[in-house]
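Here's the structure, in structure tokens; my notes come after.
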Amino acid sequence: IDVVRGLAMDAPHRARSGHQGTAMALAPLAHVLWTRVMTYDAADPHWPDRDRFVLSAGHASILQYSMLHLTGYDVSLADLEAFRQWGSKTPGHPERGHTDGVEVTTGPLGQGVGNAVGLALAERSLRARFGADLVDHFTFCVMGDGDLSEGLSHEAASLAGHLGLGRLVCVYDDNHISIDGPTELALSDDAAARFAAYGWHVLDLGEAAEDLDAMEAGLREAMAEDGRPSLVILRSHIAFPSPSKTDDPATHGYALKDDEIREAKAVMGLPDQPFFVPDDVVELYRSAGRRGAEAREAWAKRLEASDVDRATWDATLAATGLPGWESALPTWAPGEALATRVASGKVLQALADVVPSLVAGGADLTSNTGTVLEGHGVQSSQEPGGRQVYFGIREHGMAAAMNGLALHGGVLPVGGTFLVFSDYCKPSVRLAALSRAKVVYSFTHDSVGVGEDGPTHQPVEHLAGLRAIPGLRVIRPADANETAEAWRLALEHDGPTALILSRQDLPVLEGTAGARLDAGAHVLVEVADPDVVLVGTGSEVHVCVAAARLLADASIAAQVTSLPCWDLLAAQPDDVQDRVLPPEVPTLAVEAGVTLGWDRWADDALGIDHFGASAPGGRVLEELGFTAEHVADRARRLIDDLHEEPA
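If you're matching positions, the sequence shown starts at 837 in the working numbering and goes up one per residue.
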């Protein structure tokens, strides 16, 4: 434990950056978890039935990196020495996919709590469906005052308590320290009473942060609570056992330098030597890291002998479809009319039996967002295998839990809310993209077409904001058939997808049934020698098609291109981009949102660079210019303006 504390001081000191005090205080807890409690095999970080560890207090990342190194994961002492440096495996906060043994990407406070709820929910769901012989593990989460101050933790904890999520053990590091100073400056909550009110089992260990046996006993008592989540409260002292810095708020960050490190190491009996890790300590921890191999091998034998349907098991773990799943995608005939949110719901229902990992729900908007899974049970402690999740009015908690569900493996979560409320999901959406969590967002009511609810509920800037997130695939389909194709793209993608769907009915267009959109765009109305290109997304594409007819009546040849996914088109070679958007032809973009970004694809854009208005949706769209007549007029004006420009 003293060696771990030494590393917790040395790595941030070498980097001149980092958080030392929490890692020092929690070294005994980490020792108990990694050597006495958790089941894992350091040689196989992706073994499906391992216990999950979440450091929601991600600023204390050096603690997790030290334990990963010592127990034998692919994190070397040199990686610890390169803490927070370019190209290292030890970034400032833990990143899933960057460092072996890191389950979720944490750091923004509260996120790990929400992720842990998703991890525990995934474990319970899969255990109910496939049996305890194949799924039987725990989720451990370490969190601090900052995590419990963020609203996300309230949402996630409320959901976990309501669902009765056992096998979720959260340790609250109650050190009374925040960056500004003592937590009493801004926090006087009774965390124990709050979590008890949420329906959690609460165990206050008091001043036990140095008592290994007491911590182990508390953790094991929490693990025995199969019908509700557990909060284990641990009163610790930041930077202990530093003689000069214990309980000092400065040690929330980088405060122990040469003299302070030297005196702390003297108290612990460590040599004045950076990154001191003696062989006997390494062997003790490596032995703990190897201990789970026996459990993993026994699990593999149980899997081999199991009568579980292997095709279903494999597809579930991979979060993909059974062989031939694409044939389940529905199609619609031209002339039909339905909202893309409704079409998406029909696709989801059609896929439920052939994509066994699908779990869906909404933030109290399940039917509104097309995230209903009929016939597959409602997730609860009474029906733990239910694939319909009612997240409640908890957009932020829903999105964070979705990340945990996806990163656990075996679950492809679908979560729905109105596009305007994607703002409440945004921090978790960003982390989904950073960690490549395979999740699907059903963001509906996607424009001023929402109508009477007015500007507070009419998204205008949200598409641009989501498109700005690297790694998030944003798809705004033009009709029901493009919606089915968007689902195919989402299922084949290895990261998050945001489906942007309409409230209002949209006509099914000619040329969309069976059209592949791997390039992100396709030509819907093709003409031999276009005078203008009308490019649109979502509910504005059919307006472009109607405008093209008006232009044709005036002997103006208009090509219509549907561009549901900017990112996919941007990834195509120039010849593909030029085919759908000929660079020599004047191009008008039509989209009921801000015009930011459209200059990449078009010469002019008809959009909404202001807020909407409260009125019936059709009236709002008409007043703001989203009619065939107005689009045709703008196209003529664009052609005239470009012809008038001097050479």
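From the three backbone atoms N, C-alpha and C, an ideal C-beta is built for every residue, glycine too.
Do you know offhand how far serine 1078's Cα is from tyrosine 1008's?
Here residue 1078 is taken as the residue at index 242 of the sequence shown, counted from 1. Here residue 1008 is taken as the residue at index 172 of the sequence shown, counted from 1. Taking the straight line from one Cα to the other gives about 22 Å.
Could you check where the alpha helix (DSSP H) with valine 1265 kicks off and where it finishes?
In the sequence shown, the residue the question calls residue 1265 occupies position 429. Per DSSP, valine 1265 belongs to the alpha helix (DSSP H) from 1258–1271.
Shortest alpha-carbon distance to arginine 1098 belongs to which of Ser1450, Glu1140, Glu1046 and Arg841?
Against the sequence shown, residue 1098 aligns to sequence position 262. Selected option, being the one with the closest Cα: Arg841.
Using CA atoms only, rank isn't needed, just tell me which of Cys1380, Arg1132 and Leu1353 is closest to aspartate 1403.
Within the sequence shown, numbered from 1, the residue matching residue 1403 stands at position 567. Selected option, being the one with the closest Cα: Leu1353.
Let me know if aspartate 1315 comes out buried or exposed under the rule of 16 or more other beta-carbons within 10 Å of its beta-carbon.
As a working note, residue 1315 is residue 479 in the sequence shown. Its Cβ being crowded by 16 or more others within 10 Å, aspartate 1315 is buried.
Report all residues from its chain with a CB closer than 6 Å to the CB of glutamate 1297; omit the five preceding and five following residues, and keep chain order.
Working through the sequence shown from its first residue, we reach residue 1297 at position 461. Correct list, in chain order: Val1430.
Just to confirm the assignment, what range does the alpha helix (DSSP H) spanning proline 864 have?
Stepping through the sequence shown from its first residue, residue 864 is reached at position 28. 863–868 is the extent of the alpha helix (DSSP H) around proline 864.
Indicate whether the contact test is met: 3 or more Cβ pairs, each with one atom in the segment 1271–1280 and one in the segment 1219–1230, closer than 8 Å.
no
With DSSP as the reference, identify every bridge partner of proline 1018, one or two as the case may be.
Position 182 of the sequence shown, counting from 1, holds the residue named residue 1018. Paired residues: Ile1013.
Assumed close pair serine 1375, alanine 1428 - CB separation to whole angstroms, cut-off 8 Å:
Here the question's residue 1375 lines up with position 539 in the sequence shown. Here the question's residue 1428 lines up with position 592 in the sequence shown. Correct: roughly 7 Å between the Cβ atoms.
I'd like to confirm something about valine 1250: is its beta-carbon nearer than 6 Å to some heavy atom of the ligand HEM, or not?
Among the ligands in the structure shown, none appear at all, so the ligand HEM cannot be discussed.
Please return the same chain residues whose Cβ sits closer than 7 Å to the Cβ of alanine 1058, not counting the five positions on each side in sequence.
Looking up residue 1058 in the sequence shown gives position 222. The residues are Val1005, His1037, Leu1039, Ser1066 and Val1068.
What residue range is occupied by the uninterrupted beta strand (DSSP E) comprising glycine 1251?
Here residue 1251 refers to the residue found at position 415 when the sequence shown is read from its first residue. That run of the beta strand (DSSP E) goes 1248–1254.
Closest residue to arginine 1230 among Glu1096, Gln1395 and Leu995 (Cα-Cα distance)
As a working mapping, residue 1230 is identified with position 394 in the sequence shown. The shortest C-alpha separation from arginine 1230 is found at Leu995.
Take the Cβ of threonine 1348 as the centre, count every other Cβ of all protein chains shown within 10 Å, and call the residue buried at 16 or more, exposed below.
Locating residue 1348 in the sequence shown gives position 512, where the first residue counts as 1. Its Cβ being crowded by 16 or more others within 10 Å, threonine 1348 is buried.
Any idea what DSSP makes of isoleucine 1097, helix, strand or coil?
Residue 1097 sits at position 261 when you count from the first residue of the sequence shown. It is helical.
Report the option in Met874, His1446 and Leu1345 whose CA atom is closest to the CA atom of glycine 1171.
For the purposes of this step, residue 1171 is taken as the residue at position 335 of the sequence shown. Among Met874, His1446 and Leu1345, the Cα nearest to that of glycine 1171 is on Leu1345.
Using the Cα positions of valine 1024 and proline 1249, report the straight-line distance between them to the nearest angstrom.
The count along the sequence shown starts at 1 and reaches residue 1024 at position 188. The count along the sequence shown starts at 1 and reaches residue 1249 at position 413. Before going further, note that residue 1024 is serine rather than valine in the sequence given. Between serine 1024 and proline 1249, the alpha-carbon positions lie close to 36 Å from each other.
Let's see if you can read the secondary structure: which residues bound the beta strand (DSSP E) around alanine 1394?
The residue labelled residue 1394 in the question sits at position 558 within the sequence shown. Per DSSP, the continuous beta strand (DSSP E) segment holding alanine 1394 begins and ends at 1394–1398.
Can we say the segment 1180–1191 touches the segment 1359–1379, given the rule of at least three CB pairs closer than 8 Å?
no
Limits of the beta strand (DSSP E) - the one that aspartate 1367 falls within:
As a working mapping, residue 1367 is identified with position 531 in the sequence shown. Neither: aspartate 1367 is in no beta strand (DSSP E) and is coded neither H nor E.
For histidine 1088, which residues in the same chain have their Cβ closer than 8 Å to its Cβ, ignoring the five residues on either side in sequence?
Reading the sequence shown from its first residue, position 252 is the one you call residue 1088. Cβ within range, chain order: His855, Gly857, Thr858, His895, Ile1013, Ser1014, Ile1015 and Ile1074.
Provide the residue span of the beta strand (DSSP E) that contains phenylalanine 1486, from first to last.
What is shown of the chain runs 837 to 1483, which leaves residue 1486 out entirely.
Do alanine 1468 and alanine 1383 have their beta-carbon atoms positioned less than 7 Å apart in this structure?
The residue labelled residue 1383 in the question sits at position 547 within the sequence shown. The residue labelled residue 1468 in the question sits at position 632 within the sequence shown. A contact, by the Cβ cut-off of 7 Å.
Does the Cβ of arginine 1266 have 16 or more other Cβ atoms within 10 Å, making it buried, or fewer, making it exposed?
Looking up residue 1266 in the sequence shown gives position 430. Arginine 1266 is buried by the Cβ-count criterion.
Start and end of the alpha helix (DSSP H) containing glutamine 900?
Counted from its first residue, the sequence shown places residue 900 at position 64. Glutamine 900 -> alpha helix (DSSP H) spans 897–907.
Under 8 Å, with one C-beta from each stretch per pair, do the segment 919–928 and the segment 881–899 reach the 3-pair mark?
yes
Look at valine 1195 and valine 1144 and say whether their C-beta atoms are less than 7 Å apart.
Position 359 of the sequence shown, counted from the start, is the residue given in the question as residue 1195. Position 308 of the sequence shown, counted from the start, is the residue given in the question as residue 1144. Cβ atoms of valine 1195 and valine 1144: not closer than 7 Å.
Can you give the Cα-Cα distance for valine 1103 and aspartate 838, rounded to whole angstroms?
By one-based count along the sequence shown, residue 1103 stands at place 267. By one-based count along the sequence shown, residue 838 stands at place 2. Computed Cα separation, rounded: 10 Å.
Boundaries (first-last residue) of the beta strand (DSSP E) holding phenylalanine 976:
What you label residue 976 is simply residue 140 of the sequence shown in a count that begins at 1. 975–980 is the extent of the beta strand (DSSP E) around phenylalanine 976.
To the nearest angstrom, how far is it from the Cα of leucine 1041 to the Cα of threonine 907?
If you number the sequence shown from 1, residue 1041 lands on position 205. If you number the sequence shown from 1, residue 907 lands on position 71. Taking the straight line from one Cα to the other gives about 27 Å.
According to DSSP, simplified to helix, strand and coil, what is serine 1066?
Position 230 of the sequence shown, counted from the first residue, corresponds to residue 1066. Three-state result, serine 1066: strand.
Are the segment 866–876 and the segment 1115–1126 touching by the rule of at least three beta carbon pairs closer than 8 Å?
yes
Span of the beta strand (DSSP E) holding threonine 1148?
In the sequence shown, residue 1148 corresponds to position 312, counting from 1. For threonine 1148, no beta strand (DSSP E) encloses it; the enclosing alpha helix (DSSP H) starts and ends at 1146–1154.
Would you call threonine 1373 buried or exposed, if buried means 16 or more other Cβ atoms sit within 10 Å of its Cβ?
Residue 1373 sits at position 537 when you count from the first residue of the sequence shown. That one is buried.
Close beta carbons around arginine 965, own chain, < 7 Å, minus the five adjacent residues each side
As a working mapping, residue 965 is identified with position 129 in the sequence shown. Closer than 7 Å at the Cβ level, and outside the excluded window around arginine 965, lie Gly1221.
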